[in-house]
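Heads up, the sequence shown is in the numbering used here, so the first residue is 128 and it goes up one at a time.
C-beta: ideal position from N, C-alpha, C; glycine also.
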Amino acid sequence: MIIDCHGHYTTSPRQHEAWRGEQIAAHSEGRAAPPRPTVTDDEIRASIENGQLKVQQERGTDLTIFSPRAAGMGHHLGDATTSEAWATACNELIYRVCALFPRNFVGVCMLPQSAGVSPRNCIAELERCVQQYGFVGCNLNPDPSGGFWKDPPLGDRYWYPLYEKMVELDVPAMVHVSAACNPAFHTTGSHYLNGDTAAFMQCLTSDLFKNFPTLKFIIPHGGGAVPYHWGRFRGLAQDMKLPPLSELLLNNVFFDTCVYHLPGQELLTKVIPLDNILFASEMIGAVRGIDPETGHHYDDTKRYIEQLPLSAGDKAKLYESNSRRVYGRLSGQIAKQFG
Ligand SMILES: [Zn+2]
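Right, dumping it as C-alpha cells:
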C-alpha cells in the first residue's frame, strides 16, 4: 500500500470557504455568524472524484491522510470562538470525505487554535475527532499569529496540555503553519518552510521529548531547510553539549517527502534515516504546475522516489510502514474503514 501522509481538502465545495469569509466579516462587525451552508454528499463526491481521488489513481497511490486546507485554517483571524466553529466545520467535512471514500482517505483534524489562546482549548476538538470520527492525527500550527511568531515555542510548557492529550490518544501532529498575514512572508514559499525549520530548532533546544518520550511530530515539506543544513544542526547541538540528534530527536521527529525535485529527494534520503521519512505529496496543494524539465507535475513525488537507489524494503518503509508506525491508530483505522 502506498500511503500519502500529507493531503488537504483544497477542493472543498465553494460554499464552505465562502461561509468562512462571512463568518469572519460578521465577527469583525460584531454580528452573529450566518448559519452554515448545506453541503451535499454529491458535491463532496464530485469535489473528490475530480480532484484528489483522480490524482491518486493517475499516480498509483492508495490512501491519503487527509486534513482541512492548511492555508485556510487562518488561526490569526477572528478569535477562539470563530476558530472553534471553523475547525468543527472543516473537520466534519473531512469526516464525510472519509466516510464516502473509506478506502482512499483517513482523516487528520485541524485544531481550533487562536493566537495568544492556550492550546488547552484544542483538547475537546482533538478528542472528538479521534474518538467520534476515527481521525489518526492533528495539524498543529506552531505560529497561530500567521507569521509574527507571538506564541511560545513548541518546547514551552504552554503547549503541554495538548501534548498530554496527544500522547494519551496516541496521535502525532504534523507541525503545519497556516497562511501568513505578515507581508514579509509568502505563505507557501517562505512561511511554510520557515515554520518547518523553526519548529525543528524549537524541538532541538527543548526538553520536550525527554518529558514526552512518545510524542511524535511530522515536519512537512521535507523538513524545510533542516536536511540541507543537517551539519549545522548537529554542530549546534554539539556546542550546546546535547546528545547526537539521532538520540535527541529522531525517535520523535519525522519528515515527509513533499520536496518537488529529484536532487532534493536524493539529499533528504541520504541525510535523514529512512525510518524517519514518510511518503507524501501534498497534492492538490501549493505547487500545481508541470515541471518543463521533466514533463511531470512538480508534486508527483512518487516519481522521484521511484528514481532513488532504494531497496524494496526501504521503499516499503517509506511508502507504508513508517506511516503505520508514526500514526499509531492508522492500522486500526484502515482495518475499520476497509471493513
Ligand atoms: Zn500541507
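Practice prompt. Run the proximity test for residue 207: is its beta-carbon closer than 7 Å to any non-hydrogen atom belonging to ligand 1?
Written response: no
Worksheet item: Where does residue 465 land, buried or exposed, given buried means 16+ other C-beta within 10 angstroms?
Response: exposed
Worksheet item: Is residue 194 near residue 236, with beta carbons less than 8 Å apart?
Response: yes
Worksheet item: Less than 7 Å between the CB of residue 133 and some heavy atom of ligand 1, yes or no?
Response: yes
Item to complete: Can you give me the Cβ contacts of residue 298 inside the same chain, cut-off strictly under 8 Å, excluding the 5 residues immediately before and after it?
Response: 253, 257, 262, 263, 264, 265, 454, 455 and 456
Item to complete: Identify, in the order they occur along the chain, each residue of the same chain with its Cβ nearer than 7 Å to the Cβ of residue 241, setting aside the five sequence neighbours on each side.
Response: 202, 206, 207, 210 and 271
Discussion item. Under 8 Å, with one C-beta from each stretch per pair, do the stretch 363 to 371 and the stretch 308 to 327 reach the 3-pair mark?
Written reply: no
Worksheet item: Cβ of residue 81 within 8 Å of Cβ of residue 183?
Response: In the structure as shown, the chain begins at 128 and stops at 466. Residue 81 is therefore absent and cannot be evaluated.
Worksheet item: If you draw a straight line from the alpha carbon of residue 103 to that of residue 141, how long is it in whole angstroms?
Response: Nothing can be reported for residue 103, as the shown portion of the chain is limited to 128 through 466.
Worksheet entry | CB contact flag (residue 196, residue 139, <8 Å) | yes
Practice prompt. Return yes when at least one heavy atom of ligand 1 lies under 7 Å from the C-beta of residue 264, else no.
Written response: no
Worksheet entry | Unbroken stretches of the beta strand (DSSP E), 3 residues or longer, contained in the stretch 182 to 250 | 190 to 195 and 232 to 234
Practice prompt. Tell me, to the nearest whole angstrom, how far the beta carbon of residue 119 is from that of residue 285; I am working on the premise that it is less than 8 Å.
Written response: What the structure shows of the chain is the stretch from 128 to 466, and residue 119 is not part of that stretch, so it cannot be assessed.
Worksheet item: Around the C-beta of residue 292, are 16 or more other C-beta atoms found within 10 angstroms, so that it is buried, or is it exposed?
Response: buried
Discussion item. Extract the residue ranges of the beta strand (DSSP E) inside the stretch 395 to 425, only unbroken runs of 3 or more that lie entirely within it.
Written reply: none
Discussion item. What I want to know is whether the C-beta of residue 420 ends up closer than 7 Å to one or more non-hydrogen atoms of ligand 1.
Written reply: no
Worksheet entry | Cut-off 6 Å between Cβ atoms - residues of its own chain near residue 177, not counting five sequence neighbours on either side | none
Worksheet item: Going by Cα to Cα distance, which pick from 331, 198, 356 and 233 is closest to residue 144?
Response: 198
Discussion item. Using only the alpha-carbon positions, how far apart do residue 243 and residue 276 sit?
Written reply: 10 Å
Worksheet item: By a C-beta neighbour count over all protein chains shown, 10 Å radius and 16 as the cutoff for buried, is residue 354 buried or exposed?
Response: buried
Discussion item. Going by the DSSP bridge assignment, what does residue 267 pair with across the sheet?
Written reply: 302
Discussion item. Can you find the residues in the same chain that come closer than 8 Å, C-beta to C-beta, to residue 437, ignoring five residues on each side of it along the sequence?
Written reply: 396, 401 and 445
Worksheet item: Going by DSSP, which residues form a beta bridge with residue 366?
Response: Bridge partners of residue 366: none, in fact.
Practice prompt. List the endpoints of the continuous beta strand (DSSP E) containing residue 380.
Written response: 380 to 383
Item to complete: Grab me the residues of residue 71's own chain with a C-beta within less than 8 Å of its C-beta, minus the 5 sequence neighbours each way, in chain order.
Response: Lying before the first or after the last residue shown, residue 71 is absent from the chain, which here runs from 128 to 466.
Practice prompt. Confirm the yes/no value for this check: CB of residue 313, any heavy atom of ligand 1, distance under 7 Å.
Written response: no
Worksheet item: Can you name the start and end residues of the alpha helix (DSSP H) that residue 330 belongs to?
Response: 319 to 331
Discussion item. I want to check one thing, is the minimum distance from the CB of residue 303 to the heavy atoms of ligand 1 below 7 Å?
Written reply: yes
Practice prompt. Using the Cα positions of residue 159 and residue 408, report the straight-line distance between them to the nearest angstrom.
Written response: 38 Å
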